[in-house]
Each structure stands twice: as structure tokens, then as C-alpha cells.
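2 protein chains.
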Amino acid sequence: MEIFEVSILGCGSAKPTLRHLPTSQIVNIRGKYYMIDCGEGAQTQMQKMRLPMARIGHIFISHNHGDHVFGLPGLISTMALLGRTAELHIHGPRQLQEFLDNIIRIYCEGITYRIIFHPIDTRVHNIIYKDRSVTVWSIPLRHRVPCSGFLFRETPPLPHIRREMIEAFSIPFSQINNIKAGASWTTGDGTVIPHERLVTPADKARSYAYCSDTAYLPELTGLLRNVTLLYHEATYPEELAGRAQETQHSTASQAASIARESQAGKLCIGHFSARVSNEEALLAEATAIFPQTTLANEGLTLKL
Amino acid sequence: MEIFEVSILGCGSAKPTLRHLPTSQIVNIRGKYYMIDCGEGAQTQMQKMRLPMARIGHIFISHNHGDHVFGLPGLISTMALLGRTAELHIHGPRQLQEFLDNIIRIYCEGITYRIIFHPIDTRVHNIIYKDRSVTVWSIPLRHRVPCSGFLFRETPPLPHIRREMIEAFSIPFSQINNIKAGASWTTGDGTVIPHERLVTPADKARSYAYCSDTAYLPELTGLLRNVTLLYHEATYPEELAGRAQETQHSTASQAASIARESQAGKLCIGHFSARVSNEEALLAEATAIFPQTTLANEGLTLKL
Numbered sequence: 225m226e227i228f229e230v231s232i233l234g235c236g237s238a239k240p241t242l243r244h245l246p247t248s249q250i251v252n253i254r255g256k257y258y259m260i261d262c263g264e265g266a267q268t269q270m271q272k273m274r275l276p277m278a279r280i281g282h283i284f285i286s287h288n289h290g291d292h293v294f295g296l297p298g299l300i301s302t303m304a305l306l307g308r309t310a311e312l313h314i315h316g317p318r319q320l321q322e323f324l325d326n327i328i329r330i331y332c333e334g335i336t337y338r339i340i341f342h343p344i345d346t347r348v349h350n351i352i353y354k355d356r357s358v359t360v361w362s363i364p365l366r367h368r369v370p371c372s373g374f375l376f377r378e379t380p381p382l383p384h385i386r387r388e389m390i391e392a393f394s395i396p397f398s399q400i401n402n403i404k405a406g407a408s409w410t411t412g413d414g415t416v417i418p419h420e421r422l423v424t425p426a427d428k429a430r431s432y433a434y435c436s437d438t439a440y441l442p443e444l445t446g447l448l449r450n451v452t453l454l455y456h457e458a459t460y461p462e463e464l465a466g467r468a469q470e471t472q473h474s475t476a477s478q479a480a481s482i483a484r485e486s487q488a489g490k491l492c493i494g495h496f497s498a499r500v501s502n503e504e505a506l507l508a509e510a511t512a513i514f515p516q517t518t519l520a521n522e523g524l525t526l527k528l
Numbered sequence: 225m226e227i228f229e230v231s232i233l234g235c236g237s238a239k240p241t242l243r244h245l246p247t248s249q250i251v252n253i254r255g256k257y258y259m260i261d262c263g264e265g266a267q268t269q270m271q272k273m274r275l276p277m278a279r280i281g282h283i284f285i286s287h288n289h290g291d292h293v294f295g296l297p298g299l300i301s302t303m304a305l306l307g308r309t310a311e312l313h314i315h316g317p318r319q320l321q322e323f324l325d326n327i328i329r330i331y332c333e334g335i336t337y338r339i340i341f342h343p344i345d346t347r348v349h350n351i352i353y354k355d356r357s358v359t360v361w362s363i364p365l366r367h368r369v370p371c372s373g374f375l376f377r378e379t380p381p382l383p384h385i386r387r388e389m390i391e392a393f394s395i396p397f398s399q400i401n402n403i404k405a406g407a408s409w410t411t412g413d414g415t416v417i418p419h420e421r422l423v424t425p426a427d428k429a430r431s432y433a434y435c436s437d438t439a440y441l442p443e444l445t446g447l448l449r450n451v452t453l454l455y456h457e458a459t460y461p462e463e464l465a466g467r468a469q470e471t472q473h474s475t476a477s478q479a480a481s482i483a484r485e486s487q488a489g490k491l492c493i494g495h496f497s498a499r500v501s502n503e504e505a506l507l508a509e510a511t512a513i514f515p516q517t518t519l520a521n522e523g524l525t526l527k528l
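Protein chains in written order, with our numbering: chain A, 225 to 528; chain Y, 225 to 528.
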């Protein structure tokens, strides 16, 4: 299977701790990097994890809070210092634009590459980006400011060629892609070999959903149905459910309920509050509802 | 002697490396913290070094380049999250104001404390701040943008009371401060005990100079005469002197020459280029000219 993995650069929340960095992730799909959120220190964490910045073409920002964006000025500057020429696309709520414009105007004189901002309508579930490998959908979340999650849907892989059939019918190399795409093959004597005999079924298309920051939103489960991996914020334990509601965050139990009701393959929880010193308790709370749960941590890479 | 020490939070230059963080320092004078520059990650480094943010009253920014200011948004936000109410004073070239204003307007809604910006005239050597313990002077530096160093001059300490004289003449506790400040003491029978007999001489007033970023400026030595500790940038080794001149930085030899000609007590060199992997060579280069040199490093605290 081709690469589809998520690397956690930071999974803390706004108040800094020595346990975690603020939020940032890299989604690697077939060797292309997509960054989600960019808290302070994200660029250093990329260096530590040996994730080259040049591979990032698109950055998706969930919402305009400092712990999700204060790594952007440094990242943008470093890309310029490294001589980047490729366009950098930043997707986020329109509230982000003013900060970006200021940074570019004040600190990016003579910058060697273009930065293109794409505002996201945080109220709807829409396609916000698409390339050969992936389609990215916005997920309307509920937080104190406009906020969007992201659903990365891998482009359905093509079926696998059966090598022995290629040899048996002497099919030329040039025809392989046509056959993968659905074509049959006609032999020299006019016999049609149907497509289905020439291939084995494709791998299932995988998907990754990022839901942070958000209050508990049971209505998300429709959008998240059968997602391969769900990252859902779990800022607080259930005993602080009142605090979670007040600040429009979720508890570990709520994150796990979303995963269970969505029939997700796996759940990763993060965005841990500085008040939470016992993360194992959060994990226990979540696994009681949804066993396939892991705790996010800086340096963790999850393969889908 | 009362506390006067400098803690290095970061001593790298603009291009990030895993060896160093961008520039930031804490000057601790008698328990009050003064921050110099604030590169990305400064607040995390403060936590690692157990330096509480609440003690910072004044931040001095040398110049408006990202590697000296991109830690400010996070620091300002964290101070608000920690419930700060004390005013925060930020001193820097006027070019910094727009960035600060933007951060405050976009990210500090409902902030619990006031931020007051004090523009520095980077062309002159002036007093820019004064309190009971210290006077801070600007130092005109030469860089690609307006840039100021900082000279912290400790308020001359008072002489030490001679305990045995206090006892011998039964001088009441209430008079100690007067005597420290220069008063004599008249005994019950009218004998005047001169001030000089009651005290031993004061410790020498100490001073700290921060010179970064700057081209080699021999004319600095007049301002820096007899400084106790000089921090001077040494971005490059002498073999890259051309590159240093072009980018308006200094070499290790040049930093050491400034220390020698100023008759500084000690020199600390920093702002190391990402190109420099052998810092020991920089140190060797500097100590050949000025033996009392140390290399800056994250976590280092220098006592004056």
C-alpha cells in the first residue's frame, strides 16, 4: 500500500507545558506532506522528526487561535531562507488572513515564493482541496471562534495487475495503466480477456479526519462514517465535562463516543489541557467506550 | 553580592538548527527579570529553565527580524492565560510596533494586562530605562535594519555595614539604611563615629552589554569600556569574514577584538550561523585574542 500516515508535531493546548507542544501535524500521503495547524515550535519539531519542510505544499489551519497558528511566521520565514520557490497554499477561516497578510508584509520582503490564502467556509462540509492522491473536505466544528476540521479521503487506489496474466498473454507494458483503469485485453487471435481476470481488487481507500478544537458534536458521526483514523480533541477528562462545555472543548469519553458512533477504525486523542497530568486516565476513559484508542504524543507517527 | 546573571534561552541565528533556538535571554538583576529578544520557543525554554514569566516586567528587542521576535505572540498570549495583571513594557525599534499592534488587536481580545510599547532611537546611546536596580542604555549597532544593543548598568551598590561596629555602638536597626547611604553616627556622649568607620566599601557596580546583531564596529569600545560581561554576536568564523561583512554580522575574532579593546571582564559569543558546525573552532579563534571567552548555549546561566 502507498504511504498514508500522520505525524504528531504537537498535541498540547493553549497553556504551554513541558509535556507537549501546541497543535500541529503532518499528513503524508504518497510522499506529499499536508500540514494541519502550526503551533509555536512546529518547525523545530519537523527537524527533530526529519520531515523536510520543502515537501509541504498545503497547510490547513482549523481556527485562528494562537496555539494553532503562532508557528506560521517562523515556518514561512524559514522556507524563504531555504530558498523555496514553490507556491505555498494556506487554507483557513477568513479570520486568519489579516495575521498572514501582516506577517508577509512586515517580514517577507523579497521572499522567493508565493503564499496563496484560501478562505474556508467553516459552516459547511465542502471539498476544499483536491489533487491526484487526496480530496480534503472541511468539517464544521463548534468552538469559540469559527473552526473547521479536515477529512482527508485518499483517491480510490487502482486494482493490482496480476503479473502472471501479463506474462501469459504477453501484454505490453504500455497497456498496464489502461488495464488498471478498467480496460480488457484482446489477444492476437481476437479473444477478449475481461478486465476482472487481469487484476486483483484494489486496496480500500483510506481516510483521516482531524476534529480539533470542538465541543462535543454528535452530528459529526454522519460525516465521519467508517473513517480509517479519527483524531479528536480530548482536552479534558469527563469529570471536567462542565469546563469542556464552557470552553467548547470535548472530554475523552465524548471523543470516544464520536469514534464509536462513526464506526471509525481507530481513534487518536490529543489537545491535552495543561490541567491534565494523568493522560493514562484519559486513555482509560476513552478505551472503555472505544478500545482502538491511542494517546497522541510528539514524535508519534500513525500509519493508516 | 546581589543577583546579577544572564540566562541564555537561545543563541542560534535565523536558519533553524537542532543545536540552537533563535535568540533570547533573561537578565536577572536582584530577582527582577529583563528579557532581551524573544525568538520562537523562548517561552518553552523559560519553562525548561524554571524561569517564571511573571517576573518579566520589561522586554528589550534589538531589531525587527523574525528570529528575534517570533516568540512574542506566544509569550504575550501565555502571560494572559496565566492571568497577568501587571503592565508589560516592550522596548524596541519603532519598526516593531506594527507587528505588536497586530498581535494585540487580533489575538488579545479581553487581555487582562496592558502592553506598553516604548520606541528606541537606534542611532544614539541613550538611557532607555531606569529603576532602583539598573539603568539600561541603548547601544547603536549596524545591521541590515535599525538595531540597538543594550547596556545594563547596575545601580552602584551601597557599602556593607560592619556588624561589629553596630554592636559596639548599639546602633538601632532603624539607622542602618541611613548609614549605608552615607550617614555618620553620634553616640550618646556626643562622639561622632564617621561613616567610613561603620562600613566596608561597596561592591563594584557591574554591567552587562548585549551586542547582537551587528557588523564589526570598533567604535563600540568607547561605550563598552570596562563592561563586566559582554555578549557579542559571532555569527561566523574569520574565514567567512566576507560573508559576515555582506550580511552585517561579526566573526568570532571581531567579537574578541571588541572585548579586548573595551577591556571587558568576560566575553560570551553567540548567534551562531547554521553553517557553523564546529563551535569549538569559534571559541579557539576568540580566545586567541581574548582568553576570557565562553560559548553561549541554551540553558547556560552566567553570573556577573
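Don't be surprised by glycine CBs; every beta carbon is placed ideally from N, CA and C.
Values in this document were obtained by computation on a predicted structure and should not be read as measured data.
Contact under 8 Å by Cβ, residue 498 (chain A) with residue 241 (chain A): Here the question's residue 498 (chain A) lines up with position 274 in the first sequence. Here the question's residue 241 (chain A) lines up with position 17 in the first sequence. Contact: yes.
Closer than 8 Å to chain A by CB, residue 393 (chain Y): In the second sequence, the residue the question calls residue 393 (chain Y) occupies position 169. Closer than 8 Å: no.
Candidates A:427, A:424, A:299 and A:394: closest to residue 413 (chain A) by CA position: As a working note, residue 413 (chain A) is residue 189 in the first sequence. The shortest C-alpha separation from residue 413 (chain A) is found at A:394.
Cβ-Cβ separation, residue 435 (chain Y) to residue 494 (chain Y) (assumed contact under 8 Å), whole Å: By one-based count along the second sequence, residue 494 (chain Y) stands at place 270. By one-based count along the second sequence, residue 435 (chain Y) stands at place 211. In fact, because the Cβ distance is near 10 Å, the residues do not count as touching under 8 Å.
Proximity of residue 226 (chain A) and residue 252 (chain A) at Cβ, strictly below 8 Å: Within the first sequence, numbered from 1, the residue matching residue 226 (chain A) stands at position 2. Within the first sequence, numbered from 1, the residue matching residue 252 (chain A) stands at position 28. Not in contact: residue 226 (chain A) and residue 252 (chain A) (Cβ atoms no closer than 8 Å).
Within 7 Å of chain Y by C-beta, residues of the stretch 302 to 313 of chain A in sequence order: 302 and 305
Closer than 8 Å to chain A by CB, residue 256 (chain Y): On the second sequence, residue 256 (chain Y) is found 32 positions in, with the first residue counted as 1. Taking Cβ atoms only, chain A never reaches closer than 8 Å to residue 256 (chain Y), which makes this a no.
Proximity below 8 Å, CB of residue 433 (chain Y) to CB of residue 363 (chain Y): On the second sequence, position 209 is the one that residue 433 (chain Y) refers to. On the second sequence, position 139 is the one that residue 363 (chain Y) refers to. Contact flag set, yes.
Residue-chain proximity (residue 236 (chain Y), chain A), Cβ-Cβ < 8 Å: Locating residue 236 (chain Y) in the second sequence gives position 12, where the first residue counts as 1. No - not a single Cβ of chain A is within 8 Å of the one on residue 236 (chain Y).
Inter-stretch contact (C-beta, 8 Å, three-pair minimum) for the stretch 390 to 406 of chain A and the stretch 442 to 460 of chain A: no
Nearest residue (CA-CA) to residue 368 (chain A), options A:437, A:332 and A:307: For this step, residue 368 (chain A) is matched to residue 144 along the first sequence. When each option's Cα is compared against that of residue 368 (chain A), the closest is A:437.
Residues near residue 418 (chain A) by beta carbon distance below 8 Å, same chain, minus five either side: Numbered from 1 along the first sequence, position 194 holds the residue referred to as residue 418 (chain A). Within the same chain, residue 418 (chain A) has close Cβ partners 408.
Members of the stretch 317 to 333 of chain A near chain Y, C-beta cut-off 7 Å: 322, 323, 326, 330 and 331
Interfacial residues, the stretch 460 to 484 of chain Y to chain A, with Cβ spacing under 7 Å: none
Contact with chain A by residue 229 (chain Y), beta-carbon distance below 8 Å: In the second sequence, the residue the question calls residue 229 (chain Y) occupies position 5. Not one chain A Cβ lies under 8 Å of residue 229 (chain Y).
In chain order, each alpha helix (DSSP H) run of at least 4 residues that lies wholly inside the stretch 372 to 440 of chain A: 387 to 392, 400 to 404 and 419 to 422
Short Cβ contact (8 Å threshold) for residue 291 (chain A) with residue 237 (chain A): Taking the first sequence and counting its residues from 1, one reaches residue 291 (chain A) at position 67. Taking the first sequence and counting its residues from 1, one reaches residue 237 (chain A) at position 13. Against a cut-off of 8 Å, the Cβ pair of residue 237 (chain A) and residue 291 (chain A) comes out as a contact.
Distance CB(residue 481 (chain A))-CB(residue 459 (chain A)) smaller than 8 Å: Here the question's residue 481 (chain A) lines up with position 257 in the first sequence. Here the question's residue 459 (chain A) lines up with position 235 in the first sequence. Going by C-beta atoms, residue 481 (chain A) is not nearer than 8 Å to residue 459 (chain A).
Sequence-distant residues of the same chain with beta carbon closer than 7 Å to residue 305 (chain Y), five excluded per side: Taking the second sequence and counting its residues from 1, the one referred to as residue 305 (chain Y) is at position 81. Cβ within range, chain order: n/a, list empty.
Assumed close pair residue 431 (chain Y), residue 376 (chain Y) - CB separation to whole angstroms, cut-off 8 Å: Here the question's residue 431 (chain Y) lines up with position 207 in the second sequence. Here the question's residue 376 (chain Y) lines up with position 152 in the second sequence. The Cβ separation is near 6 Å, so the contact holds.
Buried/exposed call for residue 520 (chain A), threshold 16 Cβ in 10 Å: For the purposes of this step, residue 520 (chain A) is identified with residue 296 of the first sequence, where counting begins at 1. Residue 520 (chain A) should be labelled buried.
Residue 294 (chain A) beta carbon less than 8 Å from that of residue 298 (chain Y): As a working mapping, residue 298 (chain Y) is identified with position 74 in the second sequence. As a working mapping, residue 294 (chain A) is identified with position 70 in the first sequence. For residue 298 (chain Y) and residue 294 (chain A), yes; Cβs fall inside 8 Å.
Assumed close pair residue 455 (chain A), residue 492 (chain A) - CB separation to whole angstroms, cut-off 8 Å: Here the question's residue 455 (chain A) lines up with position 231 in the first sequence. Here the question's residue 492 (chain A) lines up with position 268 in the first sequence. Going by Cβ atoms, the distance from residue 455 (chain A) to residue 492 (chain A) rounds to 5 Å, so yes, they are a contact pair.
Residue 231 (chain A) - containing beta strand (DSSP E), residue span: As a position in the first sequence, residue 231 (chain A) is number 7, starting the count at 1. Residues 228 to 234.
Start and end residues, beta strand (DSSP E) containing residue 341 (chain Y): Here residue 341 (chain Y) is taken as the residue at index 117 of the second sequence, counted from 1. 339 to 344 is the extent of the beta strand (DSSP E) around residue 341 (chain Y).
Through-space distance from residue 263 (chain A) to residue 276 (chain Y), alpha-carbon basis: In the second sequence, counting from the first residue as 1, residue 276 (chain Y) sits at position 52. In the first sequence, counting from the first residue as 1, residue 263 (chain A) sits at position 39. Cα-Cα distance, rounded: 21 Å.
Beta-bridge pairing of residue 358 (chain Y) - partner residues as DSSP gives them: Counted from its first residue, the second sequence places residue 358 (chain Y) at position 134. DSSP output for residue 358 (chain Y) lists Y:378 as bridge partner(s).
Residue-chain proximity (residue 265 (chain A), chain Y), Cβ-Cβ < 8 Å: On the first sequence, residue 265 (chain A) is found 41 positions in, with the first residue counted as 1. It does: the Cβ of residue 265 (chain A) has a partner Cβ on chain Y nearer than 8 Å.
Cβ contact (3+ pairs, closer than 8 Å) linking the stretch 337 to 353 of chain Y and the stretch 312 to 322 of chain A: no
Member of A:461, A:488 and A:527 whose CA lies at the smallest distance from the CA of residue 501 (chain A): To locate residue 501 (chain A), count along the first sequence from 1; it is residue 277. Nearest of A:461, A:488 and A:527 to residue 501 (chain A), Cα basis: A:461.
Residue ranges of each beta strand (DSSP E) within the stretch 296 to 349 of chain A, 3 or longer: 312 to 317 and 339 to 344
Short Cβ contact (8 Å threshold) for residue 510 (chain A) with residue 476 (chain A): In the first sequence, the residue the question calls residue 510 (chain A) occupies position 286. In the first sequence, the residue the question calls residue 476 (chain A) occupies position 252. Yes, the Cβ-Cβ distance between residue 510 (chain A) and residue 476 (chain A) is below 8 Å.
Proximity below 8 Å, CB of residue 317 (chain Y) to CB of residue 370 (chain Y): Taking the second sequence and counting its residues from 1, the one referred to as residue 317 (chain Y) is at position 93. Taking the second sequence and counting its residues from 1, the one referred to as residue 370 (chain Y) is at position 146. A contact, by the Cβ cut-off of 8 Å.
Beta-carbon spacing of residue 284 (chain Y), residue 300 (chain Y) below 8 Å: Residue 284 (chain Y) sits at position 60 when you count from the first residue of the second sequence. Residue 300 (chain Y) sits at position 76 when you count from the first residue of the second sequence. No. Outside cutoff.
DSSP state of residue 247 (chain A) mapped onto helix, strand, coil: As a first step, residue 247 (chain A) is located in the first sequence; it is residue number 23 there, counting from the start. Residue 247 (chain A): coil per DSSP, three-state reduction.
Residue 174 (chain Y) in three-state terms, based on DSSP: Because chain Y here runs from 225 to 528, residue 174 (chain Y) falls outside it and cannot be looked at.
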